[in-house]
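Engineer: Here you go, one structure.
There are 2 protein chains.
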Amino acid sequence: MIDEESRTTVLRRAATYQPPRSWRTWLLGRPLPTADAPHQTIGKKVGLAVFASDALSSTAYATQEMLVVLAGAGAAAFVFSFPISIAIVILLAIVTISYEQTIHAYPNGGGSYIVSYDNLGRTPAMVAGAALLTDYILTVAVSISSGVAQITSAFPDLFPWRVVIAVGLVLFVMVVNLRGVKESGSLFAIPTYFFVVMMFITVGVGLARYLAGTLGVVTDPPEIEMIHEAQAVTFFLLLKAFSSGTSALTGVEAISNGIPAFKEPKSHNAGITLIWMSSILGVLLLTITFLSQQIGAVPSVMETVFSQLARTVYNGTGIMYLLMIAATTVILIMATNTSFADFPRLSALLAGDGFLPRYLAFRGSRLVFSRGIIFLALVAIVLIILFRASVTALIPLYAIGVFLSFTLSQAGMALRWWKTGKVMRGEQVDELHAHATPLHADERWRLKMIVNAVGAFLTSIVALVFAVTKFRDGAWIVLILIPAIVFTFNTIHRHYQGLAKSLSLDSYAAPPGIMRKRVVVPVSGVHQGTLHALRFARSLSNDITAVHVSVDPEQTERVRQKWELWGEGVRLVILDSPFRLLHEPLMDYIASVAEHRQPNEVITVVVPEFVPEHWWQNLLHTQAALTLRFAFRSMPDVVIMDVPYQVSHNNHPQKVST
Amino acid sequence: MIDEESRTTVLRRAATYQPPRSWRTWLLGRPLPTADAPHQTIGKKVGLAVFASDALSSTAYATQEMLVVLAGAGAAAFVFSFPISIAIVILLAIVTISYEQTIHAYPNGGGSYIVSYDNLGRTPAMVAGAALLTDYILTVAVSISSGVAQITSAFPDLFPWRVVIAVGLVLFVMVVNLRGVKESGSLFAIPTYFFVVMMFITVGVGLARYLAGTLGVVTDPPEIEMIHEAQAVTFFLLLKAFSSGTSALTGVEAISNGIPAFKEPKSHNAGITLIWMSSILGVLLLTITFLSQQIGAVPSVMETVFSQLARTVYNGTGIMYLLMIAATTVILIMATNTSFADFPRLSALLAGDGFLPRYLAFRGSRLVFSRGIIFLALVAIVLIILFRASVTALIPLYAIGVFLSFTLSQAGMALRWWKTGKVMRGEQVDELHAHATPLHADERWRLKMIVNAVGAFLTSIVALVFAVTKFRDGAWIVLILIPAIVFTFNTIHRHYQGLAKSLSLDSYAAPPGIMRKRVVVPVSGVHQGTLHALRFARSLSNDITAVHVSVDPEQTERVRQKWELWGEGVRLVILDSPFRLLHEPLMDYIASVAEHRQPNEVITVVVPEFVPEHWWQNLLHTQAALTLRFAFRSMPDVVIMDVPYQVSHNNHPQKVST
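So the sequence lines, in the order shown, correspond to chains A and B. Taken in order, the first sequence gives residues 8 to 665; the numbers are from my numbering. Taken in order, the second sequence gives residues 8 to 665; the numbers are from my numbering.
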């Protein structure tokens with residue numbers, strides 16, 4: 008029963024609407040009410056499992072990508088891989104300390120976008136946002152491609168199907184995320200710790216056998232792929248290998264986004280988890296690189312370096328080898344989950360700030376940002392298809408964005424400490440924007456400022472080295488893409504600002520009421536549908552004009568005769584159309600009527616519209632109402648009234664069901 | 008100036024509307040007024056040029072397709088090609104005499120569809136229509152593919168590009184036909200007569216050299232393609248070769264469609280032209296097959312049999328060879344023109360009779376049936392891509408339709424003569440349908456009936472032989488497709504009949520006027536656009552309900568507060584939406600309001616709709632108006648009023664430009 012017939016101003020109704028069950032329910036689960044949003048928090052051990060998969064999984068490809076570059080100077084150059092990985096681990100340590108400080112300053116989550124917006128302003132924030140979005144997409148493409156490379160290393164017969172498998176895996180992760188992943192520990196803890204344990208066993212056994220002198224070299228190594236003649240080992244080549252190796256650092260920032268998920272004291276727990284994670288990452292990177300070099304592993308598209316290492320350590324492709332490869336594959340697929348959680352969350356944040364379409368800020372039926380998840384999956388699939396699921400081909404696009412966002416985040420933090428110092432000295436500082444996290448006094452602001460500044464400086468150098476050494480291999484794409492995304496953010500932002508201004512009621516004076524209403528009814532033939540529309544037109548105004556566009560003289564004559572009989576005296580205008588166009592003369596006529604109208608006169612175009620019983624029958628009719636609707640959108644005070652006319656062969660259509 | 012303000016009933020306005028120039032004008036030429044439709048007629052010589060290209064061009068592939076089948080029993084079986092072509096020429100003679108009679112009985116054009124509809128009824132007419140549409144498409148695919156095969160025979164380097172070239176040629180012919188081809192003689196006469204003259208020179212020189220004993224055999228023949236082990240020469244194989252050869256008869260019916268284009272006496276001139284055409288076709292088929300066998304030509308995908316023949320006759324690939332190949336290529340491309348003229352014409356005929364969407368009966372800006380032309384081109388392109396532009400792969404789909412339509416046409420004629428006889432004896436016959444061509448007395452009706460009956464019998468046998476022998480090679484596709492098309496025709500026809508019945512004013516009693524109008528205004532936020540819509544709503548009724556779907560409590564509270572201030576006392580209903588759905592609760596609400604309304608009460612949903620300045624800005628807004636519009640289409644007496652609100656950053660939007 009409807010009970011708001013009384014003239015109260017505001018009525019609130021509990022929605023009785025229940026979404027119907029459909030194929031979506033089956034695939035994605037039943038819709039969740041807003042009240043069901045999860046509030047549980049996690050400890051350090053589970054936190055490591057949830058947030059570390061992205062960072063740790065990169066050990067599966069970082070060493071190989073260094074070797075791919077060094078192979079340009081022949082296999083002898085592989086000796087440089089260990090010193091380079093030491094440099095990478097030093098960089099990792101600095102980035103970790105730097106992020107540790109961010110975590111304590113931003114207990115509610117301090118992603119690069121938020122820190123940049125708070126401390127550096129809108130443009131750096133847009134750059135950070137663009138860099139992060141790019142990198143989330145690349146994380147999905149690279150991790151899945153690397154996961155598939157592990158599978159095809161163990162089962163070479165699957166190699167021709169690698170693109171199909173990769174696309175299938177992306178779709179699988181997409182569906183899982185559309186259902187909504189409860190970051191609830193066990194789901195993540197088991198595979199992550201399984202991977203970490205397997206990794207330590209593998210490198211442990213490997214080191215033990217190395218010290219005992221029984222490790223040997225890889226048997227049947229794949230053929231080394233030399234594209235060019237072996238070149239000399241140049242400084243440029245070493246920098247390029249270093250750049251490829253820095254892909255190991257991707258994912259380190261994940262914890263700083265996820266602080267609110269931790270148990271109290273949040274920042275403390277998150278910080279310790281970060282240090283655990285970086286330590287494991289550093290140890291694994293060093294040992295894997297060292298062992299890979301000792302066994303003479305060779306980078307190849309057919310078998311990953313990591314597979315060669317595991318095969319050599321375990322003397323063949325036995326059960327331990329398969330367990331190690333399985334653990335690696337699973338963690339690589341799980342690594343994409345971080346992107347699937349953060350990409351839509353960042354998109355929603357950007358949408359809320361007016362840099363992306365606002366509807367991206369709405370949660371879908373399962374409380375996740377469905378549109379962002381689907382968009383991420385589709386773009387990653389396109390990348391995987393374009394780059395044939397090759398990690399080596401994707402790597403040059405990767406990591407620039409990561410290091411750009413590292414740089415902005417840490418530069419923002421350095422500036423923040425400097426402002427903290429000013430505030431503590433009682434000096435005036437520029438106000439932060441409305442939603443910014445407030446500054447807190449900190450005695451050690453000078454030291455912290457130096458740490459973040461050094462971090463910002465080093466990561467900016469890495470970003471620059473990466474851009475220069477990888478420019479021709481694909482980094483140029485990212486260097487065009489990020490400014491293009493920033494430009495898009497800016498354009499959207501200006502649109503929303505202009506819109507808000509022009510919709511604002513601040514200086515709004517209500518216009519006078521509508522004085523005259525003129526109604527135009529297009530008539531192609533005289534039948535029940537036309538008379539149905541005419542009935543509506545008559546309820547609107549007495550000033551009605553029926554308009555018929557004449558293409559066929561016989562048809563026009565029929566319309567004219569029938570109108571005399573059925574037209575209820577409403578005037579009929581016949582427009583000759585020598586070029587057999589139907590809509591254009593009508594629109595031209597209405598435009599000329601609109602041009603000569605009086606102030607506060609409104610033109611209503613009443614369009615009869617067939618609604619057939621079955622959807623396919625729409626194909627048998629031109630959608631005149633839709634065409635007219637779009638044609639008149641830009642004319643002020645011309646409104647379109649769709650009068651649907653349900654054609655049914657059983658019921659008499661003009662009856663109202665009561 | 009608008010001058011129909013006075014209350015006269017009917018006003019006729021000369022359309023001032025001139026279509027604007029655009030890229031379409033450049034590509035297709037300026038629009039033509041209806042009055043420009045051509046009325047010129049053509050004589051026998053030009054008529055031959057216009058209508059013969061389809062039939063004559065099939066000599067370029069008919070012999071080859073016979074040899075392809077015979078190759079199944081080894082090269083020795085090629086001796087059967089000449090006897091088979093004699094059988095085909097006999098069939099050609101019978102079909103020609105049979106059509107000669109049709110031409111005299113149907114001076115206004117007697118295509119298979121018209122003759123079937125007139126004499127056999129609706130279902131046979133639908134079958135004939137389906138068969139003809141299928142064959143027009145295949146004619147385009149086969150002729151273009153064969154034309155490209157001639158080109159790649161002369162220039163083997165182009166072979167890998169054959170699909171691209173074929174698609175390009177179809178698009179070229181499509182654009183030419185969209186511009187509108189004036190079947191004006193010289194354009195057609197030059198290449199057709201050039202082809203005929205070149206053909207007679209080639210077979211003439213070939214026969215002379217054969218008689219002089221200097222013809223020799225083809226040098227460097229392409230390798231013979233044997234898919235299976237050579238099998239024995241069976242009767243089935245000979246029938247199959249015969250079926251392939253009957254593709255030479257495609258296009259013979261073209262003149263019977265085009266009789267109105269001839270000079271008076273139309274039927275007489277058209278009939279003589281038909282006999283000329285068939286004679287040339289028969290002579291060429293026999294001589295080409297004979298000579299191909301003598302020189303030991305071999306069917307191959309790399310070089311056409313016809314190219315091998317021309318190369319042998321002219322002792323190499325000199326100027327005469329190139330001229331012959333060029334003439335053949337050009338006539339094969341021109342052959343598709345018959346399809347491009349007849350397919351849209353038949354579609355329009357079928358649309359006029361209610362078997363296809365009615366809008367197919369409208370002529371486009373250049374007076375041609377543009378939609379039919381584009382559809383034909385697209386389907387032919389799909390076929391060419393699917394079958395890799397291979398004539399041999401397409402042939403099994405071809406010719407069934409042709410012979411099916413031959414059979415129906417001649418069976419219809421036979422029945423017609425029988426009725427003529429009855430009428431002449433003064434007996435009663437079933438009335439023909441409304442538009443049918445009237446019967447004329449003819450003393451020789453018995454003889455003519457026998458001729459048509461024999462023709463119908465023989466062509467039905469050929470259609471059957473074709474279906475059986477080619478079934479597995481692809482004929483099954485057509486045997487599924489034609490019934491499917493007939494089913495579609497029938498479904499569409501029933502829809503239009505039902506529609507006409509339910510729209511009919513014959514037993515129409517005007518319903519009472521609209522008594523109550525209830526207005527619903529969806530409100531997502533309170534701003535100028537909302538108030539603009541409210542202003543329209545107020546002009547419609549006093550019974551207005553604003554409805555807000557609550558997803559975010561803060562936003563809802565803002566809406567509530569602003570509505571108190573700006574809502575002009577209109578009641579506001581707030582719908583809680585725990586599943587964060589926007590449209591569904593609103594639609595559910597309106598449906599429940601509609602359910603409880605009184606008779607003759609109409610619900611108008613006034614939907615404010617943003618119209619941004621630039622089209623791309625639409626991507627930033629959900630198209631709520633469009634979604635609601637489709638959702639309410641099926642509800643009786645619920646109308647949707649789109650109130651476009653033009654957002655402009657410069658002009659104040661609610662002002663009416665006067």
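For glycine and all other residues, C-beta sits at the position ideal for the given N, C-alpha and C.
(1) Please say whether B/Val212 and B/Phe312 have beta carbons closer to each other than 8 Å?
(2) Between the beta-carbon of A/Met205 and the beta-carbon of A/Leu353, is there less than 8 Å?
(3) Within 8 Å (strictly less), CB to CB, does A/Phe382 reach chain B?
(4) Could you name each continuous alpha helix (DSSP H) segment of 4 residues or more that falls completely within the segment 525–603 of chain B, going from the start of the chain to the end?
(5) Taking the beta carbon of A/Ile97 as the centre, do at least 16 other beta carbons fall within 10 Å, making it buried, or is it exposed?
(6) Let me see if you follow: with CB-CB separation under 8 Å, is A/Ser314 close to chain B or not?
(7) Mind checking the segment 634–653 of chain A against chain B and listing, in chain order, the residues whose C-beta falls within less than 9 Å of any C-beta there?
(8) Cβ of A/Gln568 less than 8 Å from any chain B Cβ?
(9) Give a yes or no on whether 8 Å exceeds the smallest Cβ distance from B/Ile521 to chain A.
(10) Work out the CA separation of B/Leu298 and B/Gly220 for me, nearest whole Å.
(11) Here's the rule: buried if 16 or more other CB atoms are within 10 angstroms of the residue's CB, otherwise exposed. What is A/Glu616?
(12) Closer than 6 Å by C-beta to A/Ile610: which residues in its own chain qualify, once you throw out the five before and the five after it? Chain order, please.
(13) Fully enclosed by the segment 151–196 of chain A, which beta strand (DSSP E) runs are 3 residues long or longer?
(14) Applying a beta-carbon distance threshold of less than 8 Å, which residues of chain B neighbour A/His534?
(15) For my contact list, B/Gln157 and B/Ile332 are in at a C-beta cut-off of 8 Å; report their separation, rounded to the angstrom.
(16) Applying the 10 Å Cβ sphere with the 16-neighbour rule, what's the burial state of A/Tyr366?
(17) Using 8 Å as the threshold, is the C-beta distance between A/Ala334 and A/Phe201 below it?
(18) Give a yes or no on whether 8 Å exceeds the smallest Cβ distance from A/His111 to chain B.
(19) If you measure from the beta carbon of B/Pro518 to each beta carbon in chain A, is any gap under 8 Å?
(20) Taking 8 Å as the cut-off, does the segment 400–420 of chain A touch the segment 468–483 of chain A (at least 3 CB pairs, one atom from each stretch)?
(21) Are the CB atoms of B/Val558 and B/Val530 nearer to each other than 8 Å?
(22) Using the beta-carbon of each residue, which ones in chain B are nearer than 9 Å to A/Arg545?
(23) Using a Cβ-based criterion (distance less than 7 Å to any ligand heavy atom), does B/Ser152 qualify as near the ligand HEM?
(24) CA-CA distance, A/Ser672 and B/Val556?
(25) Using 8 Å as the Cβ pair cut-off and three pairs as the minimum, do the segment 261–276 of chain A and the segment 110–127 of chain A touch?
(26) Compare the C-alpha of B/Pro229 against each of B/Pro306, B/Phe249, B/Met648 and B/Leu422 and name the closest.
(27) Assuming the contact rule is C-beta atoms closer than 8 Å, A/Ile499 and A/Gly361 should be a hit. Round their C-beta distance to whole Å, please.
(28) Considering only the alpha carbon of each residue, which of A/Ala161, A/Ser599 and A/Ile521 lies closest to A/Ile326?
(29) Applying a beta-carbon distance threshold of less than 9 Å, which residues of chain B neighbour A/Val134?
(30) So with Cβ pairs under 8 Å, would you call A/Met51 a contact of chain B?
(31) Which runs of the alpha helix (DSSP H), 4 residues or longer, sit entirely within the segment 400–487 of chain B?
(32) Answer yes or no: does any C-beta atom of chain A fall closer than 8 Å to that of B/Phe369?
(33) Which of the three DSSP states, helix, strand or coil, is assigned to A/Phe376?
(34) Between the segment 408–421 of chain B and the segment 467–477 of chain B, do at least 3 Cβ pairs fall closer than 8 Å?
(35) Can you pull the chain A residues whose beta carbon is under 9 Å from the beta carbon of B/His500, in chain order?
(36) Just by C-beta distance, which residues in the segment 473–494 of chain B are closer than 9 Å to chain A?
Structural biologist: With the given structure in hand:
(1) Working through the second sequence from its first residue, we reach residue 312 of chain B at position 305. Working through the second sequence from its first residue, we reach residue 212 of chain B at position 205. Just to set this straight, residue 312 of chain B is Val in the shown sequence, not Phe. No, they are not a contact pair.
(2) Translated into positions along the first sequence, residue 205 of chain A becomes position 198. Translated into positions along the first sequence, residue 353 of chain A becomes position 346. Going by C-beta atoms, A/Met205 is not nearer than 8 Å to A/Leu353.
(3) As a position in the first sequence, residue 382 of chain A is number 375, starting the count at 1. Chain B contact via Cβ: absent.
(4) 535–547, 560–573 and 590–602
(5) Working through the first sequence from its first residue, we reach residue 97 of chain A at position 90. Result: exposed.
(6) The count along the first sequence starts at 1 and reaches residue 314 of chain A at position 307. No - not a single Cβ of chain B is within 8 Å of the one on A/Ser314.
(7) Arg636, Phe639, Arg640, Ser641, Met642, Pro643, Asp644, Val645, Val646, Ile647, Met648, Asp649, Val650, Pro651, Tyr652 and Gln653
(8) Residue mapping note: residue 568 of chain A aligns to position 561 of the first sequence, counting from 1. Answer no: the Cβ-Cβ gap between A/Gln568 and chain B never drops below 8 Å.
(9) If you number the second sequence from 1, residue 521 of chain B lands on position 514. With 8 Å as the cut-off, B/Ile521 counts as an interface residue toward chain A.
(10) Residue 220 of chain B sits at position 213 when you count from the first residue of the second sequence. Residue 298 of chain B sits at position 291 when you count from the first residue of the second sequence. Approximately 12 Å between the Cα atoms of the pair.
(11) As a working note, residue 616 of chain A is residue 609 in the first sequence. Around the C-beta of A/Glu616, 16 or more other C-beta atoms lie within 10 Å, and the residue is accordingly described as buried.
(12) Counting from one through the first sequence, the residue named residue 610 of chain A turns up at place 603. Counting only Cβ-Cβ distances below 6 Å, and skipping sequence neighbours, we find Arg525, Ala601 and Val645.
(13) none
(14) Residue numbering aside, residue 534 of chain A sits at position 527 when the first sequence is read from its first letter. Here the neighbours are Leu510, Ser511 and Leu512.
(15) For the purposes of this step, residue 157 of chain B is taken as residue 150 along the second sequence, with counting starting at 1. For the purposes of this step, residue 332 of chain B is taken as residue 325 along the second sequence, with counting starting at 1. Right, their Cβ atoms sit about 5 Å apart.
(16) Reading the first sequence from its first residue, position 359 is the one you call residue 366 of chain A. It counts as exposed.
(17) Counting from one through the first sequence, the residue named residue 334 of chain A turns up at place 327. Counting from one through the first sequence, the residue named residue 201 of chain A turns up at place 194. Contact: yes.
(18) By 1-based counting over the first sequence, the position of residue 111 of chain A is 104. Answer no: the Cβ-Cβ gap between A/His111 and chain B never drops below 8 Å.
(19) As a position in the second sequence, residue 518 of chain B is number 511, starting the count at 1. At least one chain A Cβ lies under 8 Å of B/Pro518.
(20) yes
(21) Position 551 of the second sequence, counted from the first residue, corresponds to residue 558 of chain B. Position 523 of the second sequence, counted from the first residue, corresponds to residue 530 of chain B. Cβ distance not < 8 Å, so B/Val558 and B/Val530 don't count as in contact.
(22) The residue you call residue 545 of chain A lines up with position 538 of the first sequence. The answer, in chain order, is Gly520 and Ile521.
(23) Among the ligands in the structure shown, none appear at all, so the ligand HEM cannot be discussed.
(24) What is shown of chain A runs 8 to 665, which leaves residue 672 of chain A out entirely.
(25) yes
(26) If you number the second sequence from 1, residue 229 of chain B lands on position 222. Measuring from the Cα of B/Pro229, the nearest candidate turns out to be B/Pro306.
(27) Taking the first sequence and counting its residues from 1, one reaches residue 499 of chain A at position 492. Taking the first sequence and counting its residues from 1, one reaches residue 361 of chain A at position 354. The pair is a contact, with the Cβ atoms about 7 Å apart (cut-off 8 Å).
(28) Within the first sequence, the letter at position 319 stands for residue 326 of chain A. Nearest C-alpha to A/Ile326: A/Ala161.
(29) Here residue 134 of chain A is taken as the residue at index 127 of the first sequence, counted from 1. Under a criterion of Cβ atoms nearer than 9 Å, no residue of chain B is adjacent to A/Val134; the nearest Cβ is some 21 Å distant.
(30) Translated into the one-based positions of the first sequence, residue 51 of chain A becomes position 44. In the sequence on display, residue 51 of chain A carries Lys and not Met. Chain B, which has no Cβ nearer than 8 Å to the Cβ of A/Lys51, makes this no.
(31) 407–431 and 452–476
(32) Translated into positions along the second sequence, residue 369 of chain B becomes position 362. Judged by the 8 Å Cβ criterion, B/Phe369 is in contact with chain A.
(33) Working through the first sequence from its first residue, we reach residue 376 of chain A at position 369. The answer is coil: DSSP assigns A/Phe376 none of H, G, I, E or B.
(34) yes
(35) For this step, residue 500 of chain B is matched to residue 493 along the second sequence. Against chain A, the beta carbon of B/His500 has no neighbour under 9 Å; the closest one sits roughly 11 Å away.
(36) none
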